[in-house]
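Student:
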Ligand code: TYM
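Residue numbers (this note's numbering): 540 to 864.
1) If you measure from the CB of residue 676, is any heavy atom of the ligand TYM nearer than 8 Å?
2) Verify the contact flag: residue 583, CB atom, against every heavy atom of the ligand TYM, threshold strictly below 8 Å.
3) In terms of residue numbering, what span does the beta strand (DSSP E) encompassing residue 581 cover?
4) Measuring CA to CA, which of 761, 779, 701, 752 is closest to residue 722?
5) Under 8 Å by Cβ, that's how I've got residue 775 and residue 811 pegged, so tell me the actual separation to the nearest angstrom.
6) For residue 749, count the other beta carbons within 10 Å of its own beta carbon; 16 or more makes it buried, fewer makes it exposed. Which is it?
7) Mind checking residue 676: buried by the 16 CB within 10 Å criterion, or exposed?
8) Considering residue 547, what are the terminal residues of the beta strand (DSSP E) in which it resides?
9) For residue 556, list the residues DSSP reports as bridge partners.
10) Between residue 637 and the rest of its own chain, which residues show a CB-CB distance below 7 Å, the 5 nearest in sequence each way excluded?
11) Which residues in the same chain have their Cβ closer than 7 Å to the Cβ of residue 783, if we skip the five residues on either side of it in sequence?
12) Leaving out the 5 sequence neighbours to the left and right, which residues in its chain are closer than 6 Å to residue 577 when beta-carbon positions are compared?
13) Could you pull the DSSP bridge partners for residue 684 from this structure?
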């Protein structure tokens with residue numbers, strides 16, 4: 540039986556944070572070890588240029604994401620690891636897909652509106668096209684499962700819509716990709732307001748943060764003085780993170796909270812320890828990989844070849860059915 544395909548990606552906007560790790564990378568790792576799936580994991584560099592960027596910084600960020608991937612456990616022997624722009628079929632398929640989606644549908648997406656608010660001076664065609672390129676990323680491998688956080692659901696809905704339209708119009712056989720959810724599909728911001736995000740300073744912990752940095756950041760999470768009552772957003776964040784990093788300890792700390800005996804500093808320092816314990820081996824591996832700069836190049840070259848092999852066939856099939864070949 541043919542293996543089901545998986546595709547996911549992360550933009551190259553900096554080092555990965557706990558939201559990326561828990562919402563996307565953990566799902567990527569789970570599917571990588573499942574022999575029923577063939578996994579494709581990329582750095583979404585072309586999506587990174589839909590908002591303002593610096594070319595030199597982008598070049599560095601692409602490497603940072605690959606390093607984070609490899610140190611978190613993505614394995615080039617098991618997964619195809621590559622950079623989106625190295626496989627030109629993505630952009631060509633995206634252009635073909637753009638013929639079946641309307642401008643109005645794209646303008647109404649909540650993810651588009653949010654970016655317009657963040658960068659009102661940069662509402663480009665590339666930004667409007669974001670979900671179409673994402674659909675091409677997934678469907679150029681005919682991937683069925685997509686490990687991403689809950690914020691990406693509107694984009695997956697567009698991918699399914701495009702698959703249906705292309706199948707109906709041209710008799711193609713694109714699958715309707717589904718999100719592969721993890722327990723950390725929506726990691727809150729350290730401020731308690733909104734989600735953990737690279738674009739909000741003070742909201743995140745990076746995979747490369749030191750023990751001291753983690754401790755400082757967790758200590759800064761706002762807590763209320765009335766222990767025992769309705770939890771404030773900051774306190775909810777602490778408990779959510781505890782559930783993700785030390786689930787076995789949640790009931791003990793919530794009992795203390797309900798009884799009014801919980802000392803936040805104790806909970807915070809315990810949580811920092813639990814987070815660091817999970818990140819420490821990742822950081823160690825990162826140092827080992829960094830020591831051999833050629834390794835990353837080798838991985839990406841191999842990934843490009845493997846990905847192109849699949850993507851070129853799907854693109855040709857699409858072009859044939861559309862009368863272009
Ligand atoms: P990006 O870089 O914005 O986000 C990368 C991944 O991290 C997840 N994520 C979170 N999950 C839980 N809680 C959070 N606070 C949190 N913050 C971020 C996101 O859901 C995402 O999974 N558009 C994609 C990149 C992409 C892609 C693709 C993904 C381009 N093409 C094709 C899958 C398939 C994105 O948002 O990246």
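All C-beta atoms in this analysis are idealised placements derived from N, C-alpha and C, irrespective of residue type, glycine included.
Tutor: Quick answer:
1) One-based indexing of the chain shown puts residue 676 at position 137. Answer for residue 676: yes, Cβ within range of the ligand TYM.
2) Sequence index remark: in the chain shown, residue 583 carries index 44 (1-based). Residue 583: yes, Cβ under 8 Å from the ligand TYM.
3) By one-based count along the chain shown, residue 581 stands at place 42. Where residue 581 is concerned, the enclosing beta strand (DSSP E) stretches over 576 to 583.
4) To locate residue 722, count along the chain shown from 1; it is residue 183. Considering only 761, 779, 701, 752, the residue with the shortest C-alpha distance to residue 722 is 779.
5) As a first step, residue 775 must be located in the chain shown, where it is residue number 236. As a first step, residue 811 must be located in the chain shown, where it is residue number 272. The pair is not a contact, with the Cβ atoms about 17 Å apart (cut-off 8 Å).
6) Within the chain shown, residue 749 is the residue found at index 210, counting from 1. By the neighbour-count rule (16 or more Cβ atoms within 10 Å), residue 749 is not buried but exposed.
7) Within the chain shown, residue 676 is the residue found at index 137, counting from 1. Result: buried.
8) Numbered from 1 along the chain shown, position 8 holds the residue referred to as residue 547. For residue 547, the uninterrupted beta strand (DSSP E) run begins and ends at 543 to 550, by DSSP.
9) One-based indexing of the chain shown puts residue 556 at position 17. DSSP lists 745 as the beta-bridge partner residues of residue 556.
10) The residue labelled residue 637 in the question sits at position 98 within the chain shown. These residues qualify, in order along the chain: 668, 671.
11) In the chain shown, counting from the first residue as 1, residue 783 sits at position 244. Same-chain partners within the cutoff: 561, 722, 723.
12) As a position in the chain shown, residue 577 is number 38, starting the count at 1. Taken in chain order, the residues that qualify are 542, 544.
13) Translated into positions along the chain shown, residue 684 becomes position 145. DSSP lists 545, 717 as partners of residue 684.
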